[in-house]
Each structure stands twice: as structure tokens, then as C-alpha cells.
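Chains A and B supply the protein sequences, listed in that same order.
According to my numbering, numbering within the first sequence proceeds without interruption in unit steps and concludes at 297.
According to my numbering, numbering within the second sequence proceeds without interruption in unit steps and concludes at 1322.
The C-beta atom is built at its ideal place from N, Cα and C for all residues, glycine as well.
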Amino acid sequence: MTTTSLDPADQVTPEDVVRHRGWLGALWRSGSGRAGVIIVTVTVLAGLAGIWNLTPYAPDGQDPSTVLKGISFAHIMGTDQFGRDVFSGVLQGIGVSLEIAVLTTLIAGVVGTVGGVAAGFLGKWTSAVIMRLTDMMFAIPAVLFSLAIVTALGQGIVDTSIAIGVGWIPIYVRVVRTPVLALRESDFVRAGRVLGFSRLRLLSRHILPNIAGVIAVQTSLTLAWAILAEAGLSYLGLGPPPPTLSLGDMVNNASATAGVAWWTLAGPSLAIVVAVIGFNFLGDGLRDAADPRTRTR
Amino acid sequence: MNLLQTIARRVFSILITLFGASVIVFVILRVLPGNAVTASLGTSEGLLTKAQVAALDQYYGVGQPALQQYFSWLHAVLSGNLGVSLTYRQPVSYMLGNTLPITLELSFFAIVLGIVIGAGLGLWSGLHPGRWPDALGQSVSVLGLSVPALVIGEVLVTWFSRQFHYFPSSANSVGFFTDPWVNFQQIIFPAFVLSLGIAAAILRTTRGAVLEVTNLNFARTALGKGVNRRSFVWRHIFLNSLTAVVTMSGIQLGYLLGGTVIVENIYVLNGMGRLMITSILNKDFPVVQSITLVFAAGFVIVNMLVDVLNAVIDPRIRKRGA
């Protein structure tokens, strides 16, 4: 994360953060980037199918005639102890997990980016205050934030998202601030300042486009983490209450039946792992694509 | 002298951070939820007389200004009084004394396993970039970062119960001093499950550090003048990558806390994480507050130890005065 290196090659210089054209192509050319794009696309489509009720069966449709049936053409992930189709449940679960992950990332991303840009671009005092606050938040592990906030706010999709998102704000602040600091001293921003551009124009036209890559990488990784964190909370019974079933809830429910019907555990577990791998790959690919040093190497 | 200065400076900044952390914990858990007393009483609240409510309020400090509440809480915490659990009617400090050793033991085994697996595989794959040990390391790290403890834990429990008829003990946890062997059996599986995520992160960092050090001039010189392989790997490469490993291990402690909560629930270990979840579900604020504080303090202290350890390992960090 924040390894301090004295090697000048590792210091971010203004030249490193200039705009990179063709990053989409670079993303597709990197192995992990392509895998990430494909997996994430499939995951998002599955989630949308769950959200729009395009599942083969009703996710909560109980059927006494199909209790704990194994994998078949009719039920490609088997059925659970109430005869519900696991695949339909998984689709719905992916939808819920993605909704929370996206909301979480929006909260952490917007607050964190604003904080990071302010700390890097505005005055000394603003920066000092924001960085002290960030340090204090870093002193508390993100998980503790989630648990404490869930205790205070209660459990709903928005509450859970806030609970997970707050813990990730300080990471965004640090990740965004570093390149903003470098950009502020870069020649083109200085030139803009000399020409009398307003702060708003400098920020929106010159700073933000150049940190888009950094933000994209962080967003992808945060989505992966948010899915994991949400699964953890739901698994512990601290996620959104039923009937909202996320993947973590499904794993928890499956723990009772997995001994006799492994597929009830396999479906939701696989969905979590695949989704997280997808966003992690996408993050790695974006990093390679956005970083000219790894691209030329 | 320099080392002492570093430590003194760190201790000071730790006190500031802990103060900040306690404020955050207080704000989230005391100010936001409104009246914890009525929440704990539930439906029986309506049966109390006004005098009884007032007495309870005074006992828990409800109705005082927030600042006064904070300082009386801080005063109580500093003098060792963590309050009384609303559900178990026991002193929180007593409950922590029962659960903390289990969590500490679990964390200890997990971090040791994580460092051994992670640093070992990381060193191995960093020394053979692009070859099969590297591919192995990369896949382990991707899986370790993407497969959450709850999935590994559930899958292992299911597999073991089907294949070997082994079930996580639902009996009470056996203390280390009562029966070390039974205690070890109870701890080692959860610790292994916990260690994989840690190992993955440490593996990545170690590999990166090893690759970096291998390309530095002194390492190439050492190889060129024919230093024997073993001393090259251990003295030139590993020692110079060690600060990265130590730093990452400290960072992973935050992850570890979340992991213990999950793993203690899967393996029914009566540690602090499990107590925290039941307390959250019961809205038992004094317990949640105290555990949060203990976890935060532990995290901060370990990160200070990491800084000190790095200063001991690397003279350059000492000179900069961190």
C-alpha cells in the first residue's frame, strides 16, 4: 500500500501522470485486463438479470417436489432445502451484492476523491486538517468502522453501504492526493495558473482528467473489496434483512445443508469468488494500462 | 539515542491517534444511536416509573451534554471500568478477559502461518520471475485475495465433515494451559483459513521487494563476484526485503481483525469477534464500544511495533528519524 521508497524511479513525477491515449486498447491487450473485462461484464449481466427478475425460476419460489435436488438441466446449480432454484437465487444475490458494492464505492469514491483533491490542491491548512483526519481513520481498521456503523445505523441496503464505504474513504484520499500534488507542480498546470485560469478550470480541465486512471484503478479494487465486505457482513447476519438475500446470506444459509448437498454452498461461493477475481483483474489491467512504465516494459 | 527518539516520537503520535480513535468510536456508538438504555430495555420500557428511568439514565450518563459524556466515559475507561453488559449483566472487562486470549491466540497462529507461507512463496517466486514457481505464487496470491475466509472456511468444514467426519468442536474452547494439544487442534484450522488472505498480500509485497532488490547494483555485484547462492539469497536479498514484509504484516492486522470475526463464527470459537457480533445483534453498546476500542488500540500498537522493528532492521529508516 504505502511503501516508502527512496528510489527516484518510484517517485511519481508530473510526467508520469500525463494523459495516456488509447488506454482502452492497452487494457484489452493486457492479459489480466482482458480477463477482468470479460468476467466483470458477465457478472454485471448476471446481476442485472437478478435485479430485473429475469431468473429462470422465482428466486424465492418454494417447491416441495424439488427439495435438495442435485445439478441437472432443469436446475444447473441444484436446489436448496425449500426446493428453490440455487441458480436463480445466485443471480438475485449477485444483483444485491453489486447494488451494495456500487453504492459503497460511490460513497467512498466521491468523498475520498473530493478529500484527496482538496488535500492536494488547496492550501496548507486544508491539507493538514484532511490528512490528520485521514490518519485517525486509518488507525481504525475498515472492518471496525463497518461493524460500529452497522450497530448505530441498523441494516438496510443504504446503511450497509455507508457502513462499508466510510472505512474506505481514507484510502481514496491518499491514493488521489499523491498524483494531485505532483500535477499541481507540473509545467502545464503552472502555465495555466500564470495564464489566469480559475481554480475550477484548472481542476476540471487539467487535474481531474489526469487522475482519472488512478481513480479507475482504485474504484475497481474497491468494488472487489466491497463485495467481500458485504458478503462478510451478510454472512454474520448484519447485512440487509430478508427478503433481500445477498451472496453472503446464501453462503450462511447453505452452511446447514452443505454436508448433504454441496451445491447449495458451491453456487453462491463461486459467484463471490468469480466476481471478486473479475474486479481484481480489471483493477490490475487498468493499472498496467494507465501506467506508461509498465506498458513500455 | 536515535532509536529512542524514534520510539518516543511514535508513542506520542500514538497517544494522539488513540485519542482520535476514541472520539470516533464515541461519536459513532454513543451519539448516533440515541438512547441506548431504552433500546436495551425494549418493550419493558413502558413499565418503568419516571423515577426509575431517571435513575437508569443517570447510571448510563444519558441526557448529559455529549462532551461531558465523553470525558466521563474516557475517565471510566482509563481507570479500567469498561461498563456493564446490557444483556449479560456482567462487567465488560470480565467478558473481555475471557474472550481476548482466544482471539489473540488465533491471530498469532494466523499471522505466523501467513508470514511463513507468504514470505516463503514470495521469496521463491521473486527469485524465479516468469518461471513456474512465479506462476504458482501468482495463482496463490490471486486466489488468496479473492476467496474470502468465509468461503474457504465453509468449504473446508463441509469437506472435512463429509470426508473425515471431523466437525468443528461446538464444545467450549479449551484453554492453552488446560490442554495444549486439544487447544492446538481447535485453533489450527481456523488459523489456517485466516492465514491465506494474509499470506496472499505478504506474498505480493515480498515478490515485489525481492524483484526490486535483485535488480539493484549491489546485488548484481555480489552475484558477479561469485558470492555463494545461499548467502546471496539470505543476506543480500531477504534481509533487504524484510522491511516490506514487516510493514505489510502490520497492515494485514487490520484485515486479520475482520477475519477473526468471521472465522470465530464459522468454527464456533468463543473469542472477542464472536462476542462482538452477538453484542451488535443484541444492541449491547457497552460491549461493542469496548471491543472496538480494544481492537483499535491493538491495531495502533502493532503498527507502532512495526515502525520500531523496521527502524531496528533498516539503519536508513533510523537515520531519517521516521
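Contacts of residue i in chain B (Cβ-Cβ under 9 Å)
i, result
"Asn280 (chain A)", "Val1142, Leu1145 and Ser1146"
"Val276 (chain A)", "Leu1145, Ser1146, Val1147 and Pro1148"
"Ile71 (chain A)", "Residues of chain B passing the Cβ test: none, with the nearest at roughly 16 Å."
"Ile272 (chain A)", "Ser1146, Val1147, Pro1148, Leu1150 and Val1151"
"Leu265 (chain A)", "Val1151, Glu1154, Val1155 and Thr1158"
Of the listed residues the options, nearest to residue i (C-alpha basis)
i, options, result
"Trp1159 (chain B)", "A:Leu153, A:Ala266 and A:Asn253", "A:Ala266"
"Ala256 (chain A)", "A:Asp80, A:Ile39, A:Gln62 and A:Ser72", "A:Asp80"
"Phe1026 (chain B)", "A:Val251, A:Ile149 and A:Ala74", "A:Ile149"
"Ala212 (chain A)", "A:Ala119, A:Val180 and A:Gly115", "A:Val180"
"Tyr1255 (chain B)", "B:Asn1240, B:Val1288, B:Leu1211 and B:Ala1200", "B:Ala1200"
"Gly1122 (chain B)", "B:Val1142, B:Asn1217 and B:Leu1074", "B:Val1142"
"Thr105 (chain A)", "A:Pro170, A:Leu68, A:Ala58 and A:Thr55", "A:Pro170"
"Val1147 (chain B)", "A:Phe121, A:Gly115, A:Gly278 and A:Thr66", "A:Gly278"
"Glu99 (chain A)", "A:Ala258, A:Gly259 and A:Ala224", "A:Ala224"
"Asn1310 (chain B)", "B:Lys1283, B:Ser1241, B:Val1261 and B:Ile1266", "B:Ser1241"
"Leu1018 (chain B)", "A:Asp135, A:Ala271 and A:Thr219", "A:Asp135"
"Gly1011 (chain B)", "B:Val1302, B:Arg1089 and B:Ile1313", "Per the sequence shown, residue 1011 (chain B) should be read as Val rather than Gly. Among B:Val1302, B:Arg1089 and B:Ile1313, the Cα nearest to that of Val1011 (chain B) belongs to B:Val1302."
"Arg199 (chain A)", "A:Val273, A:Phe121 and A:Pro241", "A:Phe121"
"Val1084 (chain B)", "B:Gln1163, B:Ile1317 and B:Ser1290", "B:Ser1290"
"Val176 (chain A)", "A:Ser186, A:Thr151 and A:Ile207", "A:Ile207"
"Thr1087 (chain B)", "B:Gly1259, B:Ile1280, B:Val1023 and B:Gly1208", "B:Ile1280"
"Ile94 (chain A)", "A:Pro241, A:Ile227 and A:Pro209", "A:Ile227"
"Leu68 (chain A)", "A:Trp263, A:Ile272, A:Ala271 and A:Leu270", "A:Trp263"
"Thr1206 (chain B)", "B:Ala1051, B:Ile1117 and B:Leu1150", "B:Ile1117"
Span of the alpha helix (DSSP H) around residue i
i, result
"Ala216 (chain A)", "Leu208 to Tyr235"
"Ser1141 (chain B)", "Trp1132 to Ser1146"
"Asp135 (chain A)", "Lys124 to Phe138"
"Arg205 (chain A)", "Segment: none, Arg205 (chain A) is in no alpha helix (DSSP H) and carries neither H nor E."
"Ser1195 (chain B)", "Pro1180 to Thr1214"
"Trp263 (chain A)", "Trp262 to Ala290"
"Arg1274 (chain B)", "Met1272 to Leu1281"
"Gln1069 (chain B)", "Ala1066 to Leu1078"
"Thr160 (chain A)", "Ile157 to Val166"
"Gly31 (chain A)", "Gly31 to Ile51"
"Pro240 (chain A)", "Taken as a continuous stretch (DSSP letters only), Pro240 (chain A) belongs to no alpha helix (DSSP H), as it is neither H nor E."
"Leu1106 (chain B)", "Val1092 to Leu1127"
"Thr1221 (chain B)", "Asn1217 to Gly1224"
"Ile1265 (chain B)", "Looking at the sequence shown, residue 1265 (chain B) is not Ile but Asn. Asn1265 (chain B) -> alpha helix (DSSP H) spans Leu1239 to Ile1266."
"Phe197 (chain A)", "From DSSP, Phe197 (chain A) is part of no alpha helix (DSSP H); its letter is neither H nor E."
"Asn1081 (chain B)", "Taken as a continuous stretch (DSSP letters only), Asn1081 (chain B) belongs to no alpha helix (DSSP H), as it is neither H nor E."
"Phe82 (chain A)", "Careful: Phe82 (chain A) lies outside any alpha helix (DSSP H) and carries neither H nor E."
"Ala248 (chain A)", "The sequence shown places Gly at residue 248 (chain A), not Ala. Here the alpha helix (DSSP H) through Gly248 (chain A) covers Leu247 to Thr257."
"Asn1310 (chain B)", "Phe1285 to Ile1313"
"Gly1153 (chain B)", "Ala1149 to Gln1163"
"Thr151 (chain A)", "Ala142 to Leu153"
"Thr178 (chain A)", "Ile169 to Arg184"
Listed by chain order, chain B residues near residue i by CB distance under 8 Å
i, result
"Asp288 (chain A)", "None at all; the shortest Cβ gap to chain B is about 14 Å."
"Ser269 (chain A)", "Val1151, Glu1154 and Val1155"
Interface residues of chain B facing residue i [CB-CB closer than 7 Å]
i, result
"Ala258 (chain A)", "Glu1154 and Thr1158"
"Ser255 (chain A)", "Glu1154"
"Leu68 (chain A)", "Near Leu68 (chain A) there are no residues of chain B at all, since even the closest Cβ is about 14 Å away, more than 7 Å."
"Trp262 (chain A)", "Thr1158"
"Val251 (chain A)", "Leu1150, Val1151 and Glu1154"
"Leu202 (chain A)", "Under the 7 Å cutoff, chain B gives no residues; its nearest Cβ is about 32 Å from Leu202 (chain A)."
Contact set between residue i and chain A, taken where Cβ atoms lie within less than 7 Å
i, result
"Ser1161 (chain B)", "Gly259"
Contacts that residue i makes with chain A (C-beta to C-beta distance below 8 Å)
i, result
"Val1288 (chain B)", "Leu147, Ala148 and Thr151"
Going along the chain, which residues of the region 224 to 238 of chain A sit with their C-beta nearer than 7 Å to a C-beta in chain B?
Leu228, Ala231, Gly232, Tyr235, Leu236, Gly237 and Leu238
Residues of the region 1209 to 1233 of chain B in Cβ contact with chain A at a cutoff of 9 Å, in chain order, please.
Ala1209, Glu1212 and Leu1216
Counting only Cβ-Cβ distances shorter than 8 Å, please list the residues of the region 151 to 162 of chain A near chain B, keeping chain order.
Listed in sequence order: Thr151, Ala152 and Leu153.
Quick one: any contact between the region 247 to 256 of chain A and the region 189 to 201 of chain A, if contact means 3 or more CB pairs under 8 Å?
no
Closer than 9 Å between beta carbons: that is the criterion. Which residues of the region 118 to 142 of chain A meet it against chain C?
Protein chains in the displayed structure are A and B, and chain C is not among them.
The region 162 to 196 of chain A: positions lying closer than 7 Å to chain B by Cβ
none
At a CB distance below 9 Å, what residues from the region 1243 to 1266 of chain B approach chain A? Give them in sequence order.
Thr1243, Ala1244, Thr1247, Met1248, Ile1251, Leu1253, Gly1254, Tyr1255, Leu1256, Leu1257, Gly1258, Gly1259, Val1261, Ile1262, Asn1265 and Ile1266
Contact the region 1087 to 1103 of chain B vs the region 1261 to 1280 of chain B: 3+ CB pairs below 8 Å:
yes
Closer than 7 Å, Cβ to any Cβ of chain A: which residues of the region 1293 to 1308 of chain B, in chain order?
Phe1295, Ala1296, Phe1299 and Val1300
Determine, using beta-carbon pairs with one atom in the region 48 to 57 of chain A and one in the region 273 to 287 of chain A, whether at least three such pairs fall under 8 Å.
no
The region 1011 to 1029 of chain B: which residues have C-beta closer than 7 Å to a C-beta of chain A, in chain order?
Cβ contacts with chain A: Thr1017, Gly1020, Ala1021, Ile1024, Val1025, Ile1028 and Leu1029.
The region 149 to 163 of chain A / the region 217 to 234 of chain A touching (three or more Cβ pairs under 8 Å)
yes
Across the region 60 to 67 of chain A and the region 106 to 117 of chain A, are there enough close Cβ pairs to call them in contact, namely three or more that are closer than 8 Å?
no
Within 9 Å of chain A by C-beta, residues of the region 1092 to 1103 of chain B in sequence order:
Flagged: no residues at all.
Output, in sequence order along the chain, the residues in the region 1269 to 1281 of chain B whose CB is closer than 7 Å to any CB in chain A.
Met1276, Ile1277, Ile1280 and Leu1281
Contact between the region 1131 to 1145 of chain B and the region 1193 to 1212 of chain B (3+ Cβ pairs under 8 Å)
yes
contact_flag[the region 106 to 126 of chain A, the region 1220 to 1236 of chain B] where n(CB pairs < 8 Å) is 3 or more:
Because the criterion of three Cβ pairs below 8 Å is not met, the region 106 to 126 of chain A and the region 1220 to 1236 of chain B do not touch.
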